[in-house]
Amino acid sequence: MIRSRVLISGDLMSLHRGAEETKLAIEAELSYYGLTDEVEVSYTGQIDRSDLLPAVVVYPEGVVYGPVTPEDGAFIVEEHLYKGRVVERLKAPVDILTSQTARVIEQKGTTYAQKRVVLRRAGDIDPDSIEDYIINDGYFALGKALSEMTPAEVLQEVKASKLQGRGGAGFPTGLKWSFVVSQPEEPKYVVCNADESEPGTFKDRLILEGDPHAVLEGMALAGYAVGASEGWIYIRGEYKMAKEKLQRAIRQAEEMNLLGDNIMETDFSFHIHVHAGAGAYICGEETALLESMEGNRGVPRIRPPYPTVSGFRGQPTVVNNVETLANVPPIILNGASWFRSIGTENSPGTKVYTMLGDVNVTGLVETPMGTTLREIIEIYGGGMKDGKTFKCAQTGGSAGTIIPADLLDVPMDFASMGSHNAGLGSGALLVCDENTCVVDLAYVLVRFFKTESCGKCTPCRVGTAQMLEALDRLRKGYAKQSDLERLEEIAEYAREASFCGLGQAAPVPILSGLCHFREEFEAHICGECPAGVCPTAPKPACETPVAEEKCAPVPWRPDTEYPLDDPSQIEEAR
Amino acid sequence: MQTQEVAMEEGIALLDQLVEEYGDTQEALVEILRDLNDDKGHLTREDLAQVAERLRLPESKVYAVASFYTLISVKPTGKHVVRFCEDAPCHVAGGAEIWEVLEQELGVPFGETTFDDQWTLMPTSCLGTCAVGPVMMVDDDIYGNLTPDKVREIIARYREQDKGGAA
Ligand SMILES: Cc1cc2nc3c(=O)[nH]c(=O)nc-3n(C[C@H](O)[C@H](O)[C@H](O)COP(=O)(O)O)c2cc1C
Ligand code: SF4
Ligand code: FES
């Protein structure tokens, strides 16, 4: 008889901090007290508060402990599991944790509490157990779709939910699917983009490691809606653990006839394969991803034709991000209107953010769309570290924008951020305090793009190198005013003329940095780094020009997505 | 000579196994190359030629693909490969200092291998463990929350182990 379950966070970070030793200590102590048959111990995905790792959750009580050393683990066994007393000393603060019972209740008013749709199970269940997933409503949506709904109805539900892609561009998912449906060619494919390499983003890894079946179920639903019977997951080569978890999950689902041929004794068959990459950021771009899957260098293809028309093996293909697909089962299960009740009018649902930088608590947060950056920093980030002042944030990963304090109160959803020329992108939030130098930040970001440029087109290949050189001169205090002008010129040019989203996004940190922090760039020309980060040498007799009141707004341009030329489709999608 | 032949045969056995797993079409190319590289550290011209033959692809194609991806190396690497994350979240968390310490400690600039073939120092993009940045990966192990002292200690540990192993 199992009376208790102990879950230990088993993600990379926890393992690095000794989760394995903690697990061993717990198991040893359990056998010492003869509790091995009564208490089940397993790993779970990461709990989204990284300062609490490794965390230990004890069910049925749902008590969360963290961080737990091996000695603490043994003590928890003795006190909690043997004597039945909760160890208050090691308990994690209740109001910030997110396991079933310790989860924050939604609040009314201006601030939101964390609302979990995508991550509702991650950290609560054993990701290696399909039973755990099923008990928590797993594969119910697929069952419902196969028994009660036609493919067209599933598509309609996703369209009505106004779900937008979470891979960066925010393209309406239902609309993308309908492009595939309207193609006569067979077979069709569903591809899950799990290449996640955006610096400062690890939400997809967490979903895959903590709740792999949710992604599989989402893919099967996509396959049913668009008439595909084969799905592929392109996973980043470095994500070895997530890959194993996915493969195990696929096997389990096939054994239970929840994937494979004639799912749940219906006519619908759906097979999922995993394809791991070999280290290249550009392979996250969907056409480069398809090239890589076909065994080529990961170089983007010309579009059109879009993957919806000619994708994997030249066939109509849906490419969706992990988080997008994980949103699909709850939408089918609870209905589009439930989904639309979360978030904002134009961008319903939740968004998973990876919060990093100078805040007290780093890690993953899932909140309704429309939560402001200030709320996220204050409520989930526990405020700025060491009581410092917020200077800027970089949203959306490397390709994102550098935003100043004025934008802290903008509701974060695709539309509002877009209207302020800022991007939501992959959901990375890098929060920087007063000790950050914007020039230095831009330098590091552009260095990333220079390294990752695939080299196919000149504006990006040469442009990133030139921008980096100019920024390096600025950093070191050699730059002249003309260098700054030149930098701006190259940046504009690369943004306009690059072949794919990488080259188009590379200049954005520079342009948005210049837009909001021009004085700081100019100070560097005089050999001064106001934040004291850069190795500059002050120049005698230098006058910074008065910054003109000109700021060319730089929309973060997601890779020029699918055409929305038919106005009725736009209407329908929005 | 003897050992070379043995190594060659083992290589072929592994390739057979990978072809079995991933198939013998071009679609399997990236995965086969990556797994082979995982096993051997880097791929030689002979390795690439064997893959080309098995998958019935031109050698130039196989080389072009192999040289594109960072997890596949067509140049010899040192015994240990250090991959240090150089992206913004790690940089903001103090990565610049660690960068310098690594170069000093190993005595090679980024992108190079030491003269004694013990260490290759490579920059890498985000490893997805930024919450404990700055981060580096030594072979398959990830080390986070790096400080200059911690870096020196970790490297010393590997050196110690190597010495122990050789003696
Ligand atoms: C340079 C570049 C890198 C990208 N990387 C990723 C990625 O790692 N993961 C992802 O889901 N989408 C990435 N995208 C976006 C994809 O091209 C594509 O828009 C997305 O997978 C579509 O899925 P969605 O509609 O569900 O968002 C990237 C785009 C570009 C231009
Ligand atoms: S913009 Fe950069 S990454 Fe994109 S195709 Fe051109 S060179 Fe390659
Ligand atoms: S930025 Fe260094 S691991 Fe993500």
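Going down the list, the protein sequences come from chains A and B.
Every letter in the first sequence is one number past the one before it in our numbering, and letter 87, counting from 1, is 87.
Every letter in the second sequence is one number past the one before it in our numbering, and letter 29, counting from 1, is 1029.
Don't be surprised by glycine CBs; every beta carbon is placed ideally from N, CA and C.
In this text, all values refer to a predicted model and were calculated from it rather than measured experimentally.
9 Å is my cut-off, CB to CB: does residue i come that close to chain A?
i, result
"Phe1084(B)", "no"
"Arg1034(B)", "yes"
"Gln1026(B)", "yes"
"Tyr1158(B)", "no"
"Ala1093(B)", "yes"
"Val1074(B)", "no"
"Pro1109(B)", "no"
"Ala1088(B)", "yes"
"Glu1031(B)", "yes"
"Phe1115(B)", "no"
"Ser1125(B)", "yes"
"Val1019(B)", "no"
"Thr1120(B)", "no"
"Ala1078(B)", "Residue 1078(B) is actually Gly in this sequence, not Ala. So no, Gly1078(B) is outside the interface."
"Gly1144(B)", "yes"
"Gly1041(B)", "no"
Apart from the five residues just before and just after residue i, which ones in its own chain have a Cβ nearer than 8 Å to its Cβ?
i, result
"Leu163(A)", "Pro172, Thr173, Gly174, Thr324, Asn327, Val328, Ile331, Phe339, Pro348 and Gly349"
"Asn262(A)", "Phe268 and Ser269"
"Arg1034(B)", "Tyr1069, Leu1071 and Ile1072"
"His1080(B)", "Gln1118, Trp1119, Thr1120, Val1138, Asp1139 and Tyr1158"
Using the three-state DSSP reduction, which class does residue i fall into: helix, strand or coil?
i, result
"Asp1039(B)", "helix"
"His420(A)", "coil"
"Arg461(A)", "helix"
"Thr324(A)", "helix"
"Leu430(A)", "strand"
"Arg3(A)", "coil"
"Pro300(A)", "coil"
"Asn334(A)", "helix"
"Ile125(A)", "coil"
"Leu35(A)", "coil"
"Cys283(A)", "helix"
"Lys476(A)", "helix"
"Ile342(A)", "coil"
"Asp137(A)", "coil"
"Gln394(A)", "strand"
"Ala160(A)", "helix"
"Phe1084(B)", "strand"
"Asp1149(B)", "helix"
"Leu1033(B)", "helix"
"Phe414(A)", "helix"
If you measure from the beta carbon of residue i to each beta carbon in chain D, is any gap under 9 Å?
i, result
"Ser197(A)", "Absent here is chain D; the protein component of the structure consists of chains A and B."
Quick one: using the 10 Å Cβ neighbour count with 16 as the cut-off for buried, is residue i buried or exposed?
i, result
"Gln252(A)", "buried"
"Met264(A)", "exposed"
"Pro1109(B)", "exposed"
"Asn296(A)", "buried"
"Gln54(A)", "The sequence given here has Pro at residue 54(A), not Gln. Pro54(A) is buried by the Cβ-count criterion."
"Lys1163(B)", "exposed"
"Val359(A)", "buried"
"Asp1087(B)", "buried"
"Glu366(A)", "buried"
"Ser419(A)", "exposed"
"Ser9(A)", "buried"
With a threshold of 7 Å on Cβ separation, who are the neighbours of residue i within its own chain once the five nearest residues in sequence on each side are excluded?
i, result
"Asp1024(B)", "Arg1054 and Leu1055"
"Gly223(A)", "Val190, Ser229, Gly231 and Phe270"
"Leu221(A)", "Ala141, Leu142, Ala145, Val154, Val328, Pro329 and Ile332"
"Gln1026(B)", "Leu1055 and Leu1057"
Mind checking if residue i is an interface residue toward chain B, Cβ cutoff 9 Å exclusive?
i, result
"Leu430(A)", "yes"
"Leu12(A)", "yes"
"Arg574(A)", "Residue placement at Arg574(A) is poorly supported in this model, since its pLDDT is 41, which falls under 50; the coordinates still yield a value, given next. Not closer than 9 Å to any Cβ of chain B, the Cβ of Arg574(A) fails to qualify, so no."
"Tyr353(A)", "no"
"Gly200(A)", "yes"
"Met467(A)", "no"
Just to confirm my understanding: we take residue i, look at its own chain, exclude 5 residues before and 5 after, and list those with CB closer than 6 Å. What are they?
i, result
"Ile576(A)", "The question about residue 576(A) has no answer here: the residues shown for chain A are numbered 1 through 574."
"Leu97(A)", "Any answer about Leu97(A) is weak, because its pLDDT of 36 lies below 50 and its placement is not dependable; what the coordinates show is given next. Cβ within range, chain order: Val64."
"Asp72(A)", "Leu90"
"Gly218(A)", "Leu325, Ala326, Val328 and Pro329"
"Tyr133(A)", "His213"
Among all residues, which have a Cβ less than 7 Å from at least one non-hydrogen atom of ligand 3, and in what chain order do they fall?
The filter returns Pro199(A), Gly200(A), Cys1085(B), Asp1087(B), Ala1088(B), Pro1089(B), Cys1090(B), Cys1126(B), Leu1127(B), Gly1128(B), Thr1129(B), Cys1130(B), Gly1133(B), Pro1134(B) and Val1135(B), in chain order.
Just jot down, in chain order, the residues whose CB lies closer than 6 Å to any heavy atom of ligand 2.
Spelled out in chain order, the answer is Ile282(A), Pro300(A), Ser453(A), Cys454(A), Gly455(A), Lys456(A), Cys457(A), Cys460(A), Arg461(A), Ser498(A), Phe499(A), Cys500(A), Leu502(A) and Gly503(A).
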